[in-house]
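A.B. asks:
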Amino acid sequence: MKKLIFNLSLLSLLFLSGCNTDNDNSQRKGTLIFGWFTDSNCSGDCSTIYKIDTQNVYKNIDNNFQEKTFFEGNFQLMNNADYQDYKSLIIELPIEIFNEPNGFLDCTECTNDNGGFYIEYQGNDGFHKSWRFRNAKYPDYLKNYRSLLLDKLAKLNNL
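Shown next, in the form of structure tokens:
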């Protein structure tokens with residue numbers, strides 16, 4: 001009897017692990033816009049914003065950062081950026097962020113006056129949100145992603 005229960009448990013576990021779930025980040029399809037922006041008093045290179053979709057990497061060729069909810073950039077294909085090097089930004093975007101409202105994370109009183117990082121995700125299913133966070137003030141679940149973001153931004157800025 002114990003062997004039967006063990007086999008059924010093992011079979012159930014194998015079945016469940018093979019199922020696709022909404023939390024399967026490797027299957028995440030959509031567009032990610034990301035980068036950094038300086039404060040609203042900036043006069044010059046005030047932001048560096050990139051976009052990745054399911055195949056390519058793009059750079060915003062305008063250096064202004066809008067105060068709007070969603071970024072409306074002038075994106076140009078980066079032929080020298082290998083998509084495979086940057087797709088982890090979409091795949092590893094923490095699932096917790098999707099439950100956050102648009103705006104600054106962990107800083108409801110923040111404005112664009114001090115600059116920060118920008119993330120916008122638009123899924124193929126119509127889901128569309130954007131978030132900003134300060135370098136020193138962000139939710140704990142973003143710690144590893146912030147490191148990844150800084151690394152990828154540094155590499156893109158050097159291309």
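Numbering (the numbering used here), first residue to last: 1 to 159.
Yeah, the Cβ is synthetic: ideal placement off N, Cα and C, and Gly gets one too.
Since we're looking at a predicted model, the values are computed, not measured.
1) Once DSSP output is grouped into helix, strand and coil, what is the label at Tyr58?
2) With a 10 Å radius around its C-beta and 16 neighbouring C-beta atoms as the bar for buried, classify Gly44 as buried or exposed.
3) Which word fits Ser47, buried or exposed, when buried means at least 16 other C-beta atoms lie within 10 angstroms of its C-beta?
4) For Gly126 and Asn158, what's the separation of their Cα atoms in angstroms?
5) When the distance is taken between beta carbons, is Asn60 closer than 7 Å to Phe75?
6) Please state if the CB of Ile52 and the CB of Tyr86 are separated by a distance shorter than 7 Å.
7) Under 6 Å Cβ to Cβ from Glu96, same chain only, skipping five residues before and after it: list those, please.
8) With DSSP run on the structure shown, which of helix, strand or coil describes Phe71?
9) If contacts are defined as beta-carbon pairs under 8 Å, then Ser130 and Phe34 qualify, I think. What distance do you get, rounded to the angstrom?
10) With respect to the beta strand (DSSP E) encompassing Ser88, which residues constitute its N-terminal and C-terminal limits?
11) Which residues in the same chain as Leu156 place their Cβ atom closer than 7 Å to its Cβ, once the five residues preceding and following it in sequence are excluded?
12) What does a CB cutoff of less than 8 Å around Tyr83 pick up in its chain, not counting 5 residues either side in sequence?
13) With burial defined as no fewer than 16 other Cβ atoms inside 10 Å of the residue's Cβ, what is the status of Phe133: buried or exposed?
14) Please classify Ile170 as buried or exposed, where buried requires at least 16 other C-beta atoms within 10 Å of its C-beta.
15) Please report how far the alpha carbon of Asn99 lies from the alpha carbon of His128, in whole angstroms.
C.D. replies: According to the structure shown:
1) Taking the sequence shown and counting its residues from 1, one reaches residue 58 at position 58. Three-state result, Tyr58: strand.
2) By one-based count along the sequence shown, residue 44 stands at place 44. With fewer than 16 other beta carbons inside 10 angstroms of its own, Gly44 counts as exposed.
3) Here residue 47 refers to the residue found at position 47 when the sequence shown is read from its first residue. Counting Cβ neighbours within 10 Å, Ser47 comes out buried, since at least 16 surround it.
4) Position 126 of the sequence shown, counting from 1, holds the residue named residue 126. Position 158 of the sequence shown, counting from 1, holds the residue named residue 158. If I take the Cα positions, the gap works out to 33 Å.
5) Looking up residue 75 in the sequence shown gives position 75. Looking up residue 60 in the sequence shown gives position 60. Cβ atoms of Phe75 and Asn60: closer than 7 Å.
6) The residue labelled residue 86 in the question sits at position 86 within the sequence shown. The residue labelled residue 52 in the question sits at position 52 within the sequence shown. Their beta carbons are under 7 Å apart, which means Tyr86 touches Ile52 by this criterion.
7) Translated into positions along the sequence shown, residue 96 becomes position 96. Tyr141.
8) By 1-based counting over the sequence shown, the position of residue 71 is 71. Of the three classes helix, strand and coil, the one that applies to Phe71 here is coil, per DSSP.
9) Translated into positions along the sequence shown, residue 130 becomes position 130. Translated into positions along the sequence shown, residue 34 becomes position 34. About 10 Å separates the two Cβ atoms, so there is no contact after all.
10) For the purposes of this step, residue 88 is taken as the residue at position 88 of the sequence shown. No beta strand (DSSP E) contains Ser88, which is instead part of the alpha helix (DSSP H) from Ser88 to Ile91.
11) On the sequence shown, residue 156 is found 156 positions in, with the first residue counted as 1. So the qualifying residues of the chain are Tyr50 and Ala81.
12) Taking the sequence shown and counting its residues from 1, the one referred to as residue 83 is at position 83. Excluding sequence neighbours, Tyr83 sits near Ile52, Gln55, Asn56 and Val57.
13) Here residue 133 refers to the residue found at position 133 when the sequence shown is read from its first residue. Buried, because 16 or more other Cβ atoms sit within 10 Å of the Cβ of Phe133.
14) No answer is possible for residue 170: it lies beyond the span of the chain, which begins at 1 and ends at 159.
15) Counting from 1 along the sequence shown, the entry for residue 99 is found at position 99. Counting from 1 along the sequence shown, the entry for residue 128 is found at position 128. Cα to Cα, the separation comes out at about 12 Å.
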